[in-house]
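S.K.:
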Amino acid sequence: MTNPLTEEEKHYLLQLARRTIEQALKQAPEPEIDLGMLSAALKEPGASFVTLTIRRNLRGCIGSLEARQALAFDVREHARQAAFEDYRFPPLSKAELPATSIEISRLTAPLDLEYQQPSDLPRILRPGIDGVILQDGYRRATFLPQVWEQLPNVDDFLSHLCVKMGSPADLWKRKTLQVKTYSVEEFHE
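Be aware that the sequence shown starts at 21, since it is given in my numbering, and climbs by one per residue.
Written out as structure tokens, the structure is:
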């Protein structure tokens, strides 16, 4: 991620995400993306998460940590997946759509966080700023920076992230894990 997106680019991505979900609910083809009409920022590879909420309650969240396709295509793919493929929720229904809010997070490239021992982590993580990826072997999980709003205590944040990874809550205290951080440009309807 280089420069921040313009308001027009953010608006386009939010509309694209909503239209993608609407089309899927109608069992119609995904909205077309005309690369010739896109700005450079929307054409360049970008990693994104699309988060759906209903009355501020999570309803779906899917994304990628690494850029592998044009940002516009990434958002379209994750909008559909957040609505219909998040294993934690049943597929979004037509009745739910009007109450559904869409949030898009554009991620920076994750960077390895160097630390010596587990007790260093609470000092060096930046609540509210850092998105965090924990990895232990093949197990991996992430929390977007927005999750700090629900889990402002670093110990709680890391413990919940360990559980999300499928590990004991205190694993981060007992073992040096691979940790990466990233930041996001977040915008919503």
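We put the beta carbon where it would ideally sit given N, CA and C, even for glycine.
Tell me whether Ser203 sits in a helix, a strand or coil according to DSSP, three-state version.
M.R.: Within the sequence shown, numbered from 1, the residue matching residue 203 stands at position 183. If DSSP states are grouped into helix, strand and coil, Ser203 belongs with coil.
S.K.: For the stretch 112–166, list the alpha helix (DSSP H) runs that are entirely contained and at least 4 residues long, ordered along the chain.
M.R.: 141–144
S.K.: Take Gly148 and list the residues in its own chain whose beta-carbon comes closer than 7 Å to its own, dropping the five residues that flank it on each side.
M.R.: In the sequence shown, counting from the first residue as 1, residue 148 sits at position 128. For Gly148, where only same-chain residues beyond five positions count, the Cβ hits under 7 Å are Pro165 and Trp168.
S.K.: Please return the same chain residues whose Cβ sits closer than 6 Å to the Cβ of Pro111, not counting the five positions on each side in sequence.
M.R.: By 1-based counting over the sequence shown, the position of residue 111 is 91. Counting only Cβ-Cβ distances below 6 Å, and skipping sequence neighbours, we find Phe104.
S.K.: Is it a yes or a no for the stretch 77–88 touching the stretch 30–42, going by three-plus beta-carbon pairs under 8 Å?
M.R.: no
S.K.: Identify whether Gln101 lies in helix, strand or coil by the three-state DSSP scheme.
M.R.: Taking the sequence shown and counting its residues from 1, the one referred to as residue 101 is at position 81. Helix at Gln101.
S.K.: Would a C-beta distance cut-off of 7 Å place Thr120 and Ile74 closer than the cut-off?
M.R.: Position 100 of the sequence shown, counted from the start, is the residue given in the question as residue 120. Position 54 of the sequence shown, counted from the start, is the residue given in the question as residue 74. Yes, Cβ-Cβ distance for Thr120 and Ile74 is below 7 Å.
S.K.: Closer than 8 Å is the cut-off here; do at least three beta carbon pairs connect the stretch 90–99 with the stretch 53–72?
M.R.: Touching, yes.
S.K.: Closer than 8 Å by C-beta to Ser203: which residues in its own chain qualify, once you throw out the five before and the five after it? Chain order, please.
M.R.: Along the sequence shown, one-based indexing puts residue 203 at 183. Closer than 8 Å at Cβ, skipping near neighbours: Leu127, Thr128, Ile149, Asp150, Gly151 and Pro165.
S.K.: Who are the Cβ neighbours of Val174 in its own chain at under 8 Å, not counting the five residues just before and after it?
M.R.: As a first step, residue 174 must be located in the sequence shown, where it is residue number 154. Answer for Val174: Leu141, Pro142, Leu145 and Pro147, listed in chain order.
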